[in-house]
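Chains as they are written, first to last, in the numbering used here: chain A, 21 to 357; chain B, 142 to 591.
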């Protein structure tokens, strides 16, 4: 019996906890992509860089706060700097819309043109980020590292397997839940939120009923900027901040948004967790887990790993392929054409 | 222009357009000569060679974007496959590695093919949809584990063979020029798979699917050491042109150098680069001729019709998805050829150098700046943007040094700015792309009206 409990604890420690934190980060990223898609009707290739930009601004403010001697005790100082990061990133989104995207919206350009334009924005942001903070790896988390450690957990339970939860992982979950709850309250209950959904569902009808499109677009960019800054910061806190990782995050984020159904916010959240859990499930070596469940003293020969961790990104791609082949509209029936 | 009252500005633009092509290409040649005169001729030829390769890549992307409006976000992957072809074709085979695990790897690959065939067969034969999916999943799972069971020991055996020097299967020891064809074929195969999945759905899906495929191809090349040596890199690919040291050793060459009054070392490097330039230019001319012929043919007319109005073309009985797949495969094959040429020029295969900004999105800047839909424009874009990309680094450094000269030499801000100057070229490229899209969306050499 104790072996079974140990096995469950092992999986929780190495699989459930990290995948949940990663899922929260992906879900926040995918929400941004899906909102832009729903309201502005294009896939924003610059989203990864917007996330990186948000994280960078937060890091700069964190350094400033620490320079002033302000910290949050056990929590990372970055949490205090996050609102500033969100505000600056939202401002950046509004500016890029004003300077770049608005023109193509007014001329009713093809969505694929907007996609190419977003590549230009990606280049500029990528350059700016490297210029300001440099291409190096930055660790900016501080405060208590763990909510509880393996040793503490073992002392409480007397099990031989340990469980540790990092502060940043807890923070990912809490912040994501709060933010998503606020977002859904906004979309479902407020007048502006309803007009956003109406605009996303049927642009012509929404315009006929007197919804101001520029206002809807501005509010969307505000929300997208805030979400991206939070997603980037949480990812950076949990792993580390490295400017070019955000470009490769684009694939899992888009996979999550498409799996859930592009344009559907609930789908983006579900998609984020589907992608995160599949990535971790398929690259986790089950050797020790099976050793607990099997007969005494037996161990599997290999690592019992479906895919090597090097192919993490292949998982999101395979999910994407399966969804495109089986149900191109995604789980929650977003748009496919 | 059917309208009789053509505005003056349009008439001026039309008058300018006629000689625009030769003027722009002459200006480009002058820019390269400027490097030759100002910096060194060897550097100018290096830039020229990479310009030629970039032009081939741009031609491939233009076939997809300009002819058909397909957004390929995975150029990097196809370039990398071309590089792999360079290794597989030209490197000598490692006999010990083939002996240790060649059979196992071949068997595993055969097993994978059998699994796919079996899955397709099951899918076609079974009628009950509920059981069918389950059966296909079971067949795939069983095949996967069987193939892995054969594959893993073989790979371990191969990678154990003299890991510091080989540790991979090697290639076929054939002339490296053959790899240009093989690279095109490999890229075409990958493009066929990607296109089959994502074409016919909305345009964004192709972009995202190709982005994914390119990431996976590069990851594959980085980690499958038995095939490509992975991050240990393959160096010393055989050359299609003579080596500098061999030239310097020959008598006629030294006499020739003496008669020109140049040092044999400098002259040999220039001659080798000129040989490369000749080969690359030949490829570019052939591809350009083919691309132009295709664009003028009824097929090209059909592609334009599809691009400009898919619904109308479909109503005329054109199979839009099939044509898109065709043009996507063709364009990717050209990109693959360019990738193989790049590996040939570098003389090495280094998977870590494949970065999406450099190999996917920079190529996009080239196409857009040059003029999407016009092959000449694409080639010019390839030349110009590569030139700017290379020359922006010293220029940016110089500019930053000049701008920050009021600050003291040990000022931390100045040091940071000068250190980061290299990143400014990304900003410059992005701005160029945005400005061209906004103010000259048809590029330097716009598409001709036909």
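Every residue gets a Cβ at the ideal spot worked out from N, C-alpha and C, and that includes glycine.
Per DSSP, cross-strand counterpart(s) of residue i
i	result
residue 489/B	376/B
residue 261/A	158/A
residue 92/A	95/A
residue 311/B	234/B
residue 185/A	168/A
residue 340/A	Bridge partners of residue 340/A: none, in fact.
residue 302/A	Paired residues: none, contrary to the question.
residue 342/B	340/B
N-terminal and C-terminal residue of the alpha helix (DSSP H) that residue i is part of
i	result
residue 166/A	Per DSSP, residue 166/A belongs to no alpha helix (DSSP H); it is in the beta strand (DSSP E), 166-168.
residue 365/B	Neither: residue 365/B is in no alpha helix (DSSP H) and is coded neither H nor E.
residue 206/B	182-209
residue 389/B	385-390
residue 22/A	22-31
residue 79/A	67-87
residue 111/B	Residue coverage of chain B in this structure runs from 142 to 591, which leaves residue 111/B outside it and unanswerable.
residue 324/B	319-339
residue 517/B	516-544
residue 117/A	Here residue 117/A belongs to no alpha helix (DSSP H), and DSSP marks it neither H nor E.
residue 147/A	131-153
residue 297/B	270-300
residue 325/A	First-last for residue 325/A: undefined, no H or E at that position.
residue 40/A	37-60
residue 580/B	565-580
residue 168/B	161-179
residue 553/B	553-561
residue 228/A	223-228
residue 318/A	Where residue 318/A is concerned, there is no enclosing alpha helix (DSSP H), given that its DSSP letter is neither H nor E.
residue 590/B	Note, residue 590/B: premise wrong, no alpha helix (DSSP H); not H, not E.
residue 505/B	503-511
residue 592/B	Missing from the structure shown is residue 592/B; chain B here goes from 142 to 591 and no further.
residue 452/B	451-456
residue 313/A	307-313
Nearest candidate by alpha-carbon position, reference residue i, set the options
i	options	result
residue 567/B	432/B, 306/B, 467/B, 534/B	534/B
residue 376/B	309/B, 196/B, 469/B, 472/B	309/B
residue 32/A	245/A, 184/A, 328/A, 218/A	184/A
residue 412/B	520/B, 184/B, 564/B, 507/B	184/B
residue 621/B	187/B, 246/B, 171/B	Not covered by the structure: residue 621/B. The range shown for chain B is 142 to 591.
residue 25/A	321/A, 349/A, 182/A	182/A
residue 19/A	93/A, 107/A, 101/A, 320/A	Residue 19/A lies beyond the range of chain A shown here (21 to 357); nothing can be said about it.
residue 249/B	277/B, 499/B, 295/B, 226/B	295/B
residue 194/A	254/A, 172/A, 162/A	254/A
residue 265/A	99/A, 150/A, 129/A	150/A
residue 348/B	307/B, 223/B, 469/B, 459/B	469/B
residue 330/A	98/A, 305/A, 318/A, 161/A	305/A
residue 119/A	67/A, 104/A, 138/A	138/A
residue 343/B	277/B, 213/B, 332/B	213/B
residue 367/B	435/B, 553/B, 589/B, 242/B	242/B
residue 254/B	240/B, 222/B, 287/B	287/B
residue 539/B	563/B, 169/B, 181/B	563/B
residue 162/A	198/A, 75/A, 91/A, 110/A	91/A
residue 457/B	446/B, 467/B, 463/B	446/B
residue 248/A	121/A, 201/A, 110/A	110/A
Integer Cβ distance of residue i from residue j, believed to fall under 8 Å
i	j	result
residue 189/A	residue 117/A	Rounded, the Cβ-Cβ distance is 33 Å, inconsistent with contact.
residue 194/B	residue 482/B	5 Å
residue 473/B	residue 219/B	5 Å
residue 229/B	residue 292/B	Actually they are not in contact, since the Cβ atoms of residue 229/B and residue 292/B sit about 18 Å apart, beyond 8 Å.
residue 197/B	residue 505/B	Contact flag wrong, Cβ pair sits at about 15 Å.
residue 501/B	residue 217/B	5 Å
residue 324/A	residue 220/A	Not quite, the Cβ-Cβ distance comes to about 44 Å (not below 8 Å), so this is no contact.
residue 339/B	residue 328/B	With a Cβ gap of about 16 Å, residue 339/B and residue 328/B do not count as contacting.
residue 207/B	residue 400/B	Actually they are not in contact, since the Cβ atoms of residue 207/B and residue 400/B sit about 48 Å apart, beyond 8 Å.
residue 309/A	residue 27/A	5 Å
residue 210/B	residue 478/B	About 22 Å; that fails the 8 Å criterion.
**Prompt:** Would you call the region 38-51 of chain A and the region 317-326 of chain B touching, i.e. three or more CB-CB distances under 8 Å?
**Reply:** In short, these stretches do not touch, since the Cβ pair count stays below three.
**Asked** Taking three-plus beta-carbon pairs below 8 Å as touching, is the region 267-275 of chain A in contact with the region 43-53 of chain A?
**Response** Touching, yes.
**Message:** With a threshold of 8 Å, are at least 3 pairs of Cβ atoms found where one atom belongs to the region 229-248 of chain A and the other to the region 76-84 of chain A?
**Reply:** Not touching, per the Cβ criterion.
**Request:** Inspect the CB distances between the region 582-591 of chain B and the region 159-174 of chain B and report whether three or more fall short of 8 Å.
**Result:** Yes, since at least three Cβ pairs between the region 582-591 of chain B and the region 159-174 of chain B fall closer than 8 Å, the two stretches touch.
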